[in-house]
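Asks:
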Amino acid sequence: MPQDEALGNGTCLPILSVQEIVRSDAENVPERYIRNPDNRPNSTEISLVPDDHIPVIDFSLLAQGDEEERRKLEVACKEWSFFQIINHGVEEAIPKMKAAAAQFFDLPLSEKKKYAMPPDYFEGYGQDNKAEDKKRDWMDLLWLLTMPAHSRNTKYWPLAIPGFQESVEEYATEMQRVTYEILGNLSLLMGLERDFLKELHGEVKQGTRMNYYPACARPDLVYALSPHCDYTSISFILQDFDITALQIKHNEMWVPVKPIPNAISVLVGDVMESWSNGKYKSLPHRVVANVEKPRYGIISFVIPSNEAKLDPLKTMVDDDHPPLYKNGLTYIEYLLYTQTKETEEDKYVNIDYLKIQN
18 MPQDEALGNG
28 TCLPILSVQE
38 IVRSDAENVP
48 ERYIRNPDNR
58 PNSTEISLVP
68 DDHIPVIDFS
78 LLAQGDEEER
88 RKLEVACKEW
98 SFFQIINHGV
108 EEAIPKMKAA
118 AAQFFDLPLS
128 EKKKYAMPPD
138 YFEGYGQDNK
148 AEDKKRDWMD
158 LLWLLTMPAH
168 SRNTKYWPLA
178 IPGFQESVEE
188 YATEMQRVTY
198 EILGNLSLLM
208 GLERDFLKEL
218 HGEVKQGTRM
228 NYYPACARPD
238 LVYALSPHCD
248 YTSISFILQD
258 FDITALQIKH
268 NEMWVPVKPI
278 PNAISVLVGD
288 VMESWSNGKY
298 KSLPHRVVAN
308 VEKPRYGIIS
318 FVIPSNEAKL
328 DPLKTMVDDD
338 HPPLYKNGLT
348 YIEYLLYTQT
358 KETEEDKYVN
368 IDYLKIQN
């Protein structure tokens, strides 16, 4: 297939497949993926923090109500906006979920095109950046709304793949359990009833995104996933365990996160920053490409209902901590605002829209 042939059948956005680009020419990187010199992964920005400094939370202890582990969660969210969880009970579902993602991306392009992302909709197969004139990330993706079950749009699910639906549903169910436990502990840390944050979401939605990152001959020129913050309350990232590619911003430096086998990374998003009145900051993060081999990333986004209010919670506001974020904004208002941004750098400043401007 020629590189410039569009995905889809006329109703879908004309987006290239990076996977197909690499298959046809693995030695060159097309111009549309090459970042400007001032917006590339830069080794001088890297902080080689010892691996044991990045917070790790024993989920099994957290679920048992262990106070020390909950205090570790508080420190992780306040100082890092990030942690990895171990002993979470998702271990059996992880290899099946990874296999489901691999099976999808192993399909011929003609089959993947059947699930192509429409121009004005977020689900399906394609790429993250839909604007033709913007630089693109070195990856392809499949985005599915996986929870609640009644919200699933199976036209974007490759149900012909044996076991795909069962593997994704199992993983989504396990991640929903983990989500409720994390939200419950954060509620307690914020001086609230255990179910408060869960109920504040309204109907808790879960989006599952499978990213395929091809190997790249010039990883210094591209981003596998460009720097950004998530528009969610919290997000879960399942990395490949043998390549360090995820980087988080800490103390104004980029910190590589070495994967722990079977661990799941958790990060704070924009919504939680507003609810916590800035105590827990939304985390800038990015993914770098590598020359060695392709890899996968599976992200579970925890998404409030459209009507959920993003006001700072009363327990997070007092005389010493006045409200820093606006009252009355709903999640859908914020989400629509984020879609109006024009430049790569704007991905960092969406949260400013929620702040009270002095």
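Using my numbering, read the sequence shown as starting at 18 and increasing by one per residue. Just so it is clear, CB atoms sit at the ideal spot from N, CA and C, and this is done for glycine as well. Here the structure is a predicted model, which is why all the values come from computation and not from measurement.
1) Whole-angstrom Cβ separation of E86 and I74, contact assumed at under 8 Å?
2) Taking the straight line between their C-alpha atoms, what separation do you get for K95 and K131?
3) I need the straight-line Cα distance from I71 to L176, nearest angstrom please.
4) How many angstroms separate the CA atom of S34 from the CA atom of Y173?
5) Alpha carbon to alpha carbon, how far is L263 from Y240? Give it in angstroms, no decimals.
6) Excluding sequence positions up to five away, which residues of its chain have a Cβ less than 8 Å from the Cβ of S252?
7) With a 10 Å radius around its C-beta and 16 neighbouring C-beta atoms as the bar for buried, classify D157 as buried or exposed.
8) Going by Cα to Cα distance, which pick from I199, I260, L300 is closest to E269?
9) So G224 and T171 are in contact, right, with Cβ under 8 Å, and what is the actual spacing, rounded?
10) Would you decide whether N26 is buried or exposed? Buried here means 16 or more other CB atoms lie within 10 Å of its CB.
11) DSSP three-state call for A93: helix, strand or coil?
12) Which of helix, strand or coil does DSSP assign to S64?
13) With a CB to CB cut of under 6 Å and the five nearest residues on each side skipped, what residues in its chain are close to Y342?
14) Could you tell me the alpha carbon to alpha carbon distance between D21 and P244, rounded to whole angstroms?
15) Are the beta-carbon atoms of V195 and A117 separated by less than 8 Å?
16) Can you tell which of G180, K129, W160 has its C-alpha closest to the C-alpha of Q36?
17) So if DSSP puts I316 in a beta bridge, which residue, or which two residues, is it bridged to?
18) Measure how close the beta-carbons of P321 and G201 come, nearest whole angstrom, since I'm counting them as under 8 Å.
19) Which one of P236, N344, V92, F258 has the shortest CA to CA distance from I111?
20) Classify P387 as buried or exposed, calling it buried when 16 or more other Cβ atoms lie within 10 Å of its own Cβ.
21) Using the C-alpha atoms, what's the distance from K326 back to E350?
22) For H302, is the classification buried or exposed, using 16 other Cβ atoms within 10 angstroms of its Cβ as the cut-off for buried?
23) Expressed to the nearest angstrom, what Euclidean distance is found between the alpha-carbon atoms of E183 and A234?
24) List the whole-angstrom C-beta distance separating I281 from I254, where the pair is believed to meet the contact cut-off of C-beta under 8 Å.
25) Would you kindly check if the distance between the Cβ of D137 and the Cβ of D145 is under 8 Å?
26) For W292, name the three-state secondary structure that DSSP assigns.
27) My assumption, with CB atoms under 8 Å, is that V107 sits in contact with M192. Please give the rounded CB distance.
28) My output table needs one value for A189: the three-state DSSP class, helix, strand or coil.
29) Evaluate D69 with the Cβ neighbour count: other Cβ atoms within 10 Å of its Cβ, from every protein chain shown; 16 or more gives buried, anything less gives exposed.
30) Between N445 and Y348, how many whole angstroms is the CB-CB distance? I'm expecting something under 8 Å.
31) In angstroms with no decimal places, state the Cα-to-Cα distance between A133 and E216.
32) Cα separation between D42 and L346?
33) Of the choices L90, A119, R57, Q374, whose alpha-carbon is the least far from that of P311?
34) So, are the CB atoms of G141 and T332 less than 8 Å apart?
35) Return yes when the Cβ of N228 is within less than 8 Å of the Cβ of L242, no when it is not.
Replies: Taking the definition as stated:
1) Against the sequence shown, residue 86 aligns to sequence position 69. Against the sequence shown, residue 74 aligns to sequence position 57. With 8 Å as the limit, E86 and I74 qualify as a contact, their Cβ atoms being about 6 Å apart.
2) The count along the sequence shown starts at 1 and reaches residue 95 at position 78. The count along the sequence shown starts at 1 and reaches residue 131 at position 114. C-alpha separation (whole angstroms): 43 Å.
3) By one-based count along the sequence shown, residue 71 stands at place 54. By one-based count along the sequence shown, residue 176 stands at place 159. Going by the C-alpha atoms only, they are around 38 Å apart.
4) Position 17 of the sequence shown, counted from the start, is the residue given in the question as residue 34. Position 156 of the sequence shown, counted from the start, is the residue given in the question as residue 173. For S34 and Y173, the distance between alpha carbons rounds to 17 Å.
5) In the sequence shown, the residue the question calls residue 240 occupies position 223. In the sequence shown, the residue the question calls residue 263 occupies position 246. Answer to the nearest angstrom: the Cα atoms are 11 Å apart.
6) What you label residue 252 is simply residue 235 of the sequence shown in a count that begins at 1. V283, L284, G286, I316, S317, F318, V319.
7) On the sequence shown, position 140 is the one that residue 157 refers to. D157 is buried by the Cβ-count criterion.
8) On the sequence shown, residue 269 is found 252 positions in, with the first residue counted as 1. For the residues I199, I260, L300, the minimum Cα distance to E269 belongs to L300.
9) Position 207 of the sequence shown, counted from the start, is the residue given in the question as residue 224. Position 154 of the sequence shown, counted from the start, is the residue given in the question as residue 171. So it is not a contact: roughly 15 Å between Cβ atoms.
10) To locate residue 26, count along the sequence shown from 1; it is residue 9. Confidence in N26 is poor, its pLDDT being 31 and thus under 50, which makes the residue's placement unreliable; the coordinate value appears in the next sentence. Label assigned to N26: exposed.
11) Taking the sequence shown and counting its residues from 1, one reaches residue 93 at position 76. Helix.
12) Taking the first residue of the sequence shown as position 1, residue 64 is located at position 47. The answer is coil: DSSP assigns S64 none of H, G, I, E or B.
13) Numbered from its first residue, the sequence shown carries residue 342 at position 325. Cβ within range, chain order: S291, P329, L371, K372.
14) Start at 1 with the first residue of the sequence shown, and residue 21 comes out as number 4. Start at 1 with the first residue of the sequence shown, and residue 244 comes out as number 227. Any reading at D21 is ruled out, since the residue's pLDDT is 31, under 50, leaving its predicted position unreliable.
15) For the purposes of this step, residue 195 is taken as residue 178 along the sequence shown, with counting starting at 1. For the purposes of this step, residue 117 is taken as residue 100 along the sequence shown, with counting starting at 1. Contact: no.
16) Counting from 1 along the sequence shown, the entry for residue 36 is found at position 19. Selected option, being the one with the closest Cα: K129.
17) Taking the sequence shown and counting its residues from 1, one reaches residue 316 at position 299. DSSP output for I316 lists R226, I254 as bridge partner(s).
18) By 1-based counting over the sequence shown, the position of residue 321 is 304. By 1-based counting over the sequence shown, the position of residue 201 is 184. The pair is not a contact, with the Cβ atoms about 16 Å apart (cut-off 8 Å).
19) Residue mapping note: residue 111 aligns to position 94 of the sequence shown, counting from 1. When each option's Cα is compared against that of I111, the closest is F258.
20) Since the displayed the chain opens at 18 and closes at 375, residue 387 lies outside it and no answer follows.
21) As a working note, residue 350 is residue 333 in the sequence shown. As a working note, residue 326 is residue 309 in the sequence shown. Spanning the two alpha carbons is a distance of roughly 10 Å.
22) In the sequence shown, the residue the question calls residue 302 occupies position 285. Its Cβ being crowded by 16 or more others within 10 Å, H302 is buried.
23) One-based indexing of the sequence shown puts residue 183 at position 166. One-based indexing of the sequence shown puts residue 234 at position 217. Each residue's alpha carbon lies about 36 Å from the other.
24) The residue labelled residue 281 in the question sits at position 264 within the sequence shown. The residue labelled residue 254 in the question sits at position 237 within the sequence shown. I281 to I254, Cβ: 7 Å. Contact.
25) Here residue 145 corresponds to residue number 128 of the sequence shown, with the count starting at 1. Here residue 137 corresponds to residue number 120 of the sequence shown, with the count starting at 1. No; because the gap between Cβ atoms is not below 8 Å, this pair is not in contact.
26) Position 275 of the sequence shown holds residue 292. If DSSP states are grouped into helix, strand and coil, W292 belongs with the helices.
27) In the sequence shown, the residue the question calls residue 107 occupies position 90. In the sequence shown, the residue the question calls residue 192 occupies position 175. Confirmed, Cβ separation roughly 7 Å.
28) What you label residue 189 is simply residue 172 of the sequence shown in a count that begins at 1. A189: helix per DSSP, three-state reduction.
29) Working through the sequence shown from its first residue, we reach residue 69 at position 52. It counts as exposed.
30) Here the chain covers residues 18 to 375 and nothing more, so residue 445 does not appear.
31) Counting from 1 along the sequence shown, the entry for residue 133 is found at position 116. Counting from 1 along the sequence shown, the entry for residue 216 is found at position 199. Approximately 33 Å, taken between the alpha carbons.
32) Residue numbering aside, residue 42 sits at position 25 when the sequence shown is read from its first letter. Residue numbering aside, residue 346 sits at position 329 when the sequence shown is read from its first letter. When rounded, the distance between both Cα atoms is 47 Å.
33) By 1-based counting over the sequence shown, the position of residue 311 is 294. Residue A119 is the option with its Cα nearest to P311.
34) Taking the first residue of the sequence shown as position 1, residue 141 is located at position 124. Taking the first residue of the sequence shown as position 1, residue 332 is located at position 315. No; because the gap between Cβ atoms is not below 8 Å, this pair is not in contact.
35) Start at 1 with the first residue of the sequence shown, and residue 242 comes out as number 225. Start at 1 with the first residue of the sequence shown, and residue 228 comes out as number 211. It is a contact, given that the beta carbons lie within the stated cut-off.
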